[in-house]
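Participant: Position one of the sequence shown corresponds to residue 5 (my numbering), numbered consecutively onward.
Let me begin by handing over the structure; questions about it come next.
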Amino acid sequence: MDSESEGIILLLGVTGAGKSYFINQLKNRGPVTVVEGHTMQSQTSRCQLVQMVLEDDDGDERSIAVVDTPGFDDTERPDGEVLAEITEFLATQHALGIPLKGVLYLHKITDNRMTGSSGTYLRLLQSLIGDSAMTNVILVTTMWYMLRDEYEGEGLRRQTQLSERYWKALTDKGAGVTKFEGTPESAWSIVRKLAPKEPVVLDYQRQIVEEGRDLGNTNAGQSLLQKLESTKVEYTIKLQKLEDQHDEAIAIGDRAAARDKEREISEAQDMLKRIDKSVAKLGAQPGPRIKEGVARAMKGQTAGRAVTVLAAILNITLFVVQLVAGV
C-alpha cells in the first residue's frame, strides 16, 4: 500500500491549547526521520507535519499524517494572518488530492470558563468545517496533567459541561469528544480514531479552491470579519478614552499617570494596526495561485510522493515516525 495514501488530520485550536505538545508526543512513538521542506511559494514555516508510518507483517505500509497549525488568539500574530496560513495548507492539500481524514480541535481543560473569544473561535471552526464533515471532527480536552488528583472530578465535570452546552452544536452534528492524557500512547489512540474514516472536504476548501473565493467571502472569513469589526469598534472607543485621560493627566501635571496612559495608548494603537492587517489579509484570493503552484510542483513527481511534495511546497518540515506492527 502506498505509504502516503491514507490521508491527513488537521490539528486546530487557540494558541496555548497544546497542539505542539500533542505533535511532540506523536514524534515520541518511534524512530523519527526528518525531511526538510524547501521554499517554493508559501509562508507556512511555522506548521509541523508528522507522518506516522506502520509496516505490517507483509511488508506493506500504512500511514497517516498530522499537521500542527498556528493558533488563533495569538498576541504576536493577527488572526487574519493565521487564517491565511491555514488556508495555504488546506488549499494545497486539497489541490494535491491528499485525503483529509478529519480535524482534532484542542481545548484546555484547565480553562475555568468559556470566554467570549473561545466562543468566537468555535463558530469559526464550524464555518471552516461545515455540517457535512462534522462527523470527522473530534473535540479534544488537553492539559489534564496540570490538574492535581483531587481536581480530576472537576475536570470531568468541565468536560461534561463543554459537551452538553458549549459544544452541543457540534456534537449534535456528529463531532466526538475525547480526553488527551498527555502521553504518546494517548496521542496515537486519538489519531487512530480518525484514521479509518472516509475522507472529507471542508466547506472552506470548496469555497477557496473550487469556487475561487477570496478569504473574506468564505463563511469562515465572514465569521472572522465580524469579530474583527466588533473588536475594532471596542478599541477605537477605548483609544479615545485613553487619549482624553492622558490629556487630563497632562493638564493637572501628573506625569506618572500620563506615562501610563501613553503606554496604554500605544498598546491600543498596536491592536488597531493588527486588526487592519488581518482585514487586509482577508482580501486575498489564493485558490487559483495555489492550483497553479501545485501543478508546477507535481511535474516530474513519482506517484505516492504527495505528502513530501506538500511539505516542500509549503516550506514545512516533515517528520516521519516509523512505528512497529501491533502498536
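Here a beta-carbon is modelled for each residue, glycine too, at the ideal position from N, C-alpha and C.
Keep in mind that this is a model prediction, so the values were computed, not measured.
1. Need the endpoints of the beta strand (DSSP E) that residue 326 sits in, please.
2. Report yes if the CB atom of residue 211 is closer than 8 Å to the CB atom of residue 217, and no otherwise.
3. Would DSSP call residue 114 helix, strand or coil?
4. Spell out the partners DSSP gives residue 69 in its beta bridges.
5. Could you tell me which residues DSSP puts in a beta bridge with residue 142?
6. Please report the straight-line C-alpha distance between residue 18 and residue 193, rounded to a whole angstrom.
7. Restricting to Cα atoms, I'd like to know which of 173, 103, 278 is closest to residue 204.
8. My output table needs one value for residue 222: the three-state DSSP class, helix, strand or coil.
9. Hey, residue 137 and residue 294 are a contact pair by Cβ (cut 8 Å); roughly how many whole angstroms apart?
10. Give me, in chain order, the residues of the same chain whose beta-carbon lies closer than 7 Å to that of residue 147; leave out the 5 immediate sequence neighbours on both sides.
11. By the three-class DSSP mapping on this structure, what secondary structure does residue 18 have?
12. Which word fits residue 11, buried or exposed, when buried means at least 16 other C-beta atoms lie within 10 angstroms of its C-beta?
13. With 8 Å as the threshold, decide whether the Cβ of residue 146 is near any Cβ in chain B.
14. How big is the Cα-Cα spacing for residue 134 and residue 166?
15. Report the rounded CA-to-CA distance for residue 191 versus residue 200, giving the unit in angstroms.
16. Less than 8 Å between C-beta atoms, sequence neighbours within five positions excluded: which residues of the same chain meet that for residue 278?
17. Which residue comes first and which comes last in the alpha helix (DSSP H) that contains residue 34?
18. For a test of the three-state rule: what should DSSP assign to residue 205, helix, strand or coil?
Facilitator: Result, derived from the coordinates:
1. Sequence index remark: in the sequence shown, residue 326 carries index 322 (1-based). First-last of the beta strand (DSSP E) with residue 326: 321 to 327.
2. Position 207 of the sequence shown, counted from the start, is the residue given in the question as residue 211. Position 213 of the sequence shown, counted from the start, is the residue given in the question as residue 217. Taking 8 Å as the Cβ cut-off, residue 211 and residue 217 qualify as a contacting pair.
3. As a position in the sequence shown, residue 114 is number 110, starting the count at 1. Looking at residue 114 - three-state DSSP - the assignment turns out to be coil, as it is neither helix nor strand.
4. Residue 69 sits at position 65 when you count from the first residue of the sequence shown. Looking at the DSSP assignment, residue 69 forms a beta bridge with 12, 55.
5. As a first step, residue 142 is located in the sequence shown; it is residue number 138 there, counting from the start. DSSP, once it has assigned bridges, lists 108, 180 as partnering residue 142.
6. Along the sequence shown, read from residue 1 onward, the residue named residue 18 stands at position 14. Along the sequence shown, read from residue 1 onward, the residue named residue 193 stands at position 189. Whole-angstrom Cα-Cα distance: 22 Å.
7. Sequence index remark: in the sequence shown, residue 204 carries index 200 (1-based). The shortest Cα separation from residue 204 among 173, 103, 278 belongs to 103.
8. Along the sequence shown, read from residue 1 onward, the residue named residue 222 stands at position 218. Residue 222: coil per DSSP, three-state reduction.
9. Looking up residue 137 in the sequence shown gives position 133. Looking up residue 294 in the sequence shown gives position 290. Not quite, the Cβ-Cβ distance comes to about 20 Å (not below 8 Å), so this is no contact.
10. One-based indexing of the sequence shown puts residue 147 at position 143. 22, 112, 113, 114.
11. The residue given as residue 18 occupies position 14 in the sequence shown. Strand, per DSSP.
12. Mapped onto the sequence shown, residue 11 falls at position 7. It is buried - the Cβ of residue 11 has at least 16 other Cβ atoms within 10 Å.
13. Any reference to chain B falls outside this structure, which holds one protein chain only.
14. Locating residue 134 in the sequence shown gives position 130, counting from the first residue. Locating residue 166 in the sequence shown gives position 162, counting from the first residue. When rounded, the distance between both Cα atoms is 20 Å.
15. For the purposes of this step, residue 191 is taken as residue 187 along the sequence shown, with counting starting at 1. For the purposes of this step, residue 200 is taken as residue 196 along the sequence shown, with counting starting at 1. Roughly 16 Å separates the two Cα atoms.
16. Walking along the sequence shown from the start, residue 278 turns up at place 274. 82.
17. The sequence position of residue 34 within the sequence shown is 30, counting from 1. No alpha helix (DSSP H) holds residue 34; DSSP gives it neither H nor E.
18. Mapped onto the sequence shown, residue 205 falls at position 201. Correct three-state label for residue 205: coil.
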